[in-house]
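The structure under discussion appears below in the form of structure tokens.
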Amino acid sequence: MGIPKVAIVGRPNVGKSSLLNWLADRLISVVDPTAGVTRDRVTWIMHERNRYFELMDTGGIGIVDSDDLSEDIERQIQTGLDECDVMLFVVDAKAGVTPLDEHVADRLRRMSKPSILIVNKCDSPKLDQEAATFLTLANVPYVATSVKANRNRDLLIDAIVELLPAARETETAEGDYLLQPSDMRLAVVGRRNVGKSTFINQLAQSERVIVSNIPGTTRDSIDIRFEVDGKSFIAIDTPGVRKKKSLANDIEFYGLVRAQRSIRRADLVLMFFDATQTISKVDKQLVEEINEHYKPCIFVINKWDAALDEEMTTEKWVKYLLDTFSSMRHVPIAIITAKDGRNIRKLVNLAQSVYKQANLRMSTSRLNKAVQRAIAKNPPPIRKNRRPKIYFASQIAGSPPTIVLKCNESSLLDESWKRYLLGFLREVTPFQEVPIRLVLRGRNESDPDLLSGDTPLPPEMTSDEEVIDEIDDEPEISELTDEQLRGEDDSEFDESWDDSDVYADDILSLEDDDPDQPAPNFVDDDEL
Numbered sequence: 087m088g089i090p091k092v093a094i095v096g097r098p099n100v101g102k103s104s105l106l107n108w109l110a111d112r113l114i115s116v117v118d119p120t121a122g123v124t125r126d127r128v129t130w131i132m133h134e135r136n137r138y139f140e141l142m143d144t145g146g147i148g149i150v151d152s153d154d155l156s157e158d159i160e161r162q163i164q165t166g167l168d169e170c171d172v173m174l175f176v177v178d179a180k181a182g183v184t185p186l187d188e189h190v191a192d193r194l195r196r197m198s199k200p201s202i203l204i205v206n207k208c209d210s211p212k213l214d215q216e217a218a219t220f221l222t223l224a225n226v227p228y229v230a231t232s233v234k235a236n237r238n239r240d241l242l243i244d245a246i247v248e249l250l251p252a253a254r255e256t257e258t259a260e261g262d263y264l265l266q267p268s269d270m271r272l273a274v275v276g277r278r279n280v281g282k283s284t285f286i287n288q289l290a291q292s293e294r295v296i297v298s299n300i301p302g303t304t305r306d307s308i309d310i311r312f313e314v315d316g317k318s319f320i321a322i323d324t325p326g327v328r329k330k331k332s333l334a335n336d337i338e339f340y341g342l343v344r345a346q347r348s349i350r351r352a353d354l355v356l357m358f359f360d361a362t363q364t365i366s367k368v369d370k371q372l373v374e375e376i377n378e379h380y381k382p383c384i385f386v387i388n389k390w391d392a393a394l395d396e397e398m399t400t401e402k403w404v405k406y407l408l409d410t411f412s413s414m415r416h417v418p419i420a421i422i423t424a425k426d427g428r429n430i431r432k433l434v435n436l437a438q439s440v441y442k443q444a445n446l447r448m449s450t451s452r453l454n455k456a457v458q459r460a461i462a463k464n465p466p467p468i469r470k471n472r473r474p475k476i477y478f479a480s481q482i483a484g485s486p487p488t489i490v491l492k493c494n495e496s497s498l499l500d501e502s503w504k505r506y507l508l509g510f511l512r513e514v515t516p517f518q519e520v521p522i523r524l525v526l527r528g529r530n531e532s533d534p535d536l537l538s539g540d541t542p543l544p545p546e547m548t549s550d551e552e553v554i555d556e557i558d559d560e561p562e563i564s565e566l567t568d569e570q571l572r573g574e575d576d577s578e579f580d581e582s583w584d585d586s587d588v589y590a591d592d593i594l595s596l597e598d599d600d601p602d603q604p605a606p607n608f609v610d611d612d613e614l
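Taking this note's numbering, the leading residue of the sequence shown gets 87, the next gets one more, and so forth.
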């Protein structure tokens with residue numbers, strides 16, 4: 087069984103989303119004076135008083151939605167109530183008891199679940215007296231709170247923990263497991279109405295997110311946990327994004343920010359495209375965001391069933407996609423139909439492969455040999471009447487794989503040669519389908535490419551010509567012996583990679599894949 091769930095419920099605009107953000111101590115749910123902002127269930131894992139529980143924000147009960155989604159919102163609220171172990175009934179102290187509050191109370195009473203009455207917006211102790219008037223709604227424990235004045239958070243947490251079901255033997259372990267890196271976070275991004283929520287629901291095997299043909303239904307970024315073949319994942323469903331000049335209000339602006347933030351916190355991004363639509367400026371902006379943060383990515387072409395009706399071929403779409411994003415040719419491509427679940431399972435397997443690539447660590451000796459081969463094939467060109475020299479290479483991090491090159495002067499390596507080096511490394515290293523971050527270590531203190539925390543030689547030690555000559559005389563990478571090419575970390579990576587280590591069937595799970603050949607970075611219908 088999972089960790090306990092605590093649902094925040096109440097009529098619209100009583101401060102439910104603010105309460106979630108306050109308890110979680112971070113901005114998770116959109117807060118806006120407009121009633122009915124929250125549509126889907128927004129959740130956050132809490133760890134308080136040595137207990138884990140899932141806090142869940144729900145839509146306002148009784149809201150009349152402007153997009154005619156009231157029934158969908160209501161279904162989401164009811165699902166949250168059915169799943170939760172504890173209900174937090176939120177009311178507005180300043181507004182007093184309303185008929186809609188009474189309606190909510192009647193509904194919650196029929197659920198027969200442990201509840202806490204939260205009299206919110208008690209910004210001063212004087213308003214605490216008003217809290218007693220709400221006891222006519224429910225004969226349950228109550229807490230007077232104020233998000234604005236930061237009042238009684240600890241008291242509320244204590245009340246919640248007291249009502250949680252008895253701790254399960256696996257709860258602590260499961261809570262820790264939820265936070266482990268093995269729970270790969272998949273951000274599902276794309277423009278509006280591209281099929282992201284339909285895809286998420288196929289993964290979760292339930293209507294976890296409202297699916298509608300009205301663009302922009304999802305306003306919050308929502309984390310949904312699911313399992314495939316016993317492995318746990320977290321899918322981040324993001325709001326659809328449209329052109330900045332088309333952002334009609336603050337809510338849609340928050341959605342754009344959420345999508346960008348979801349990309350940054352994801353382990354891997356599924357960038358969705360609509361097979362029936364041309365690539366838009368919004369698509370390009372999202373890909374640029376993915377590229378800027380070196381995020382492993384899979385291009386997902388959805389609604390392929392509709393594209394086939396229009397006689398669109400796989401080759402045409404793939405060429406169109408790669409021509410548009412020529413710098414992202416390493417990115418795998420998958421074609422799916424989320425509506426009927428076609429190819430979704432294999433897409434998850436592909437995501438696992440890409441995720442593993444992004445987290446691999448190469449031994450220093452093999453990395454240096456790869457750089458040696460690149461230089462031997464195409465030496466960096468002379469610039470400023472000086473020849474660039476690369477002395478050593480090492481991988482300092484994964485996800486993204488981050489490779490540091492120690493060189494005589496970083497500015498001597500031009501962009502075209504760095505692109506060549508990255509392309510070469512993708513051919514001969516495990517990082518064929520993931521972004522590689524290349525960092526150059528020069529010797530000048532003013533060099534912007536120096537890693538944070540590096541201690542460069544002070545200017546007085548590098549300005550003298552004899553010192554420069556001495557540094558320039560340092561052996562280049564091509565002159566180093568095998569022993570010199572080894573780094574201090576090589577003892578950890580003696581069982582180093584080869585093609586089969588990275589692209590074996592048990593990683594990609596492509597039935598007809600040849601383990602002796604690099605796996606294709608394009609996943610076709612027949613292969614999935």
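Positions of the beta carbon are idealized from the N, C-alpha and C atoms, including for glycine.
For residue i versus residue j, is the C-beta spacing smaller than 9 Å?
i	j	result
Leu-491	Val-525	yes
Val-226	Ser-201	yes
Val-280	Arg-431	no
Ala-460	Phe-510	yes
Asp-353	Leu-272	yes
Leu-289	Ala-252	no
Arg-97	Val-229	no
Val-247	Arg-137	yes
Ile-286	Asp-323	yes
Ser-496	Arg-527	yes
Val-457	Pro-487	no
Lys-389	Thr-362	yes
Leu-106	Asp-143	yes
Might you give, ordered along the chain, the residues of its own chain that have their beta carbon closer than 7 Å to the beta carbon of residue i, omitting 5 neighbours on each side?
i	result
Lys-470	Leu-498
Arg-428	Ile-422
Ser-366	Arg-277
Tell me the rounded alpha-carbon separation between residue i and residue j.
i	j	result
Val-128	Asn-206	19 Å
Val-434	Gln-518	18 Å
Lys-317	Ile-310	14 Å
Met-203	Ala-224	In the sequence on display, residue 203 carries Leu and not Met. Their backbone Cα atoms lie some 7 Å apart in a straight line.
Trp-108	Leu-141	11 Å
Asp-391	Asp-409	23 Å
Asn-464	Arg-505	12 Å
Ser-103	Lys-234	13 Å
Arg-351	Lys-381	9 Å
Trp-130	Ile-308	9 Å
Met-132	Ile-163	20 Å
Met-547	Asp-500	In this prediction, Met-547 has a pLDDT of 37, which is less than 50 and means its spatial position is unreliable; nothing more can be read from the coordinates.
Thr-165	Cys-208	30 Å
Lys-212	Ser-232	12 Å
Asn-99	Ile-89	28 Å
Glu-188	Phe-139	28 Å
Leu-250	Pro-185	29 Å
Arg-347	Lys-282	17 Å
Glu-639	Ser-451	Nothing in the structure corresponds to residue 639, since the chain is present only between 87 and 614.
Less than 8 Å between C-beta atoms, sequence neighbours within five positions excluded: which residues of the same chain meet that for residue i?
i	result
Gly-182	Glu-216 and Thr-219
Ile-489	Leu-453, Ala-479, Ser-480, Gln-481, Ile-482, Leu-511, Ile-522, Arg-523, Leu-524 and Val-525
Leu-372	Val-275, Gly-276, Arg-277, Val-327, Ala-345, Ile-349 and Met-357
Glu-134	Ile-243, Ile-246 and Val-247
Ser-502	none
Thr-222	Val-183
Asn-236	Trp-108
Near residue i, which residues of its chain fall below 6 Å by C-beta distance, leaving aside the five closest residues on each side in sequence?
i	result
Asn-445	Gly-484 and Ser-485
Met-270	Phe-319, Asp-353 and Tyr-441
Phe-312	Leu-289, Ala-290 and Phe-319
Legend entry - Complete runs of the beta strand (DSSP E) confined to the region 393-477 [at least 3 residues]: If we require 3 residues or more, the beta strand (DSSP E) runs fully inside the region 393-477 come out as 419-421.
Inset, instruction - Mind the definition here: the region 234-249 touches the region 191-198 only if three or more C-beta pairs lie below 8 Å; say whether that holds. - result: Output reads no: the region 191-198 does not touch the region 234-249.
Legend entry - Contact between the region 208-223 and the region 165-183 (3+ Cβ pairs under 8 Å): Result yes; three or more Cβ-Cβ pairs closer than 8 Å.
Legend entry - Cβ pair count under 8 Å reaching 3, the region 407-418 against the region 369-378: Yes, the region 407-418 touches the region 369-378.
Legend entry - Every unbroken alpha helix (DSSP H) within the region 354-400, with a cutoff of 4 residues, ordered by chain: Those alpha helix (DSSP H) runs which fall completely within the region 354-400 and span 4+ residues are 367-378 and 390-395.
Legend entry - Contact the region 93-112 vs the region 160-176: 3+ CB pairs below 8 Å: With three or more CB-CB distances shorter than 8 Å, the region 93-112 counts as touching the region 160-176.
Inset, instruction - Taking 8 Å as the threshold, find out whether the region 480-494 comes into contact with the region 399-410 through three or more Cβ pairs. - result: Because the criterion of three Cβ pairs below 8 Å is not met, the region 480-494 and the region 399-410 do not touch.
Inset, instruction - Would you mind listing the alpha helix (DSSP H) stretches within the region 187-231 that are 4+ residues and don't spill past its ends, in chain order? - result: Runs of the alpha helix (DSSP H) inside the region 187-231: 211-217.
Inset, instruction - Any chance you could list the beta strand (DSSP E) runs of at least 3 consecutive residues sitting entirely within the region 155-179, in chain order? - result: Within the region 155-179, the complete beta strand (DSSP E) runs of at least 3 residues are 172-178.
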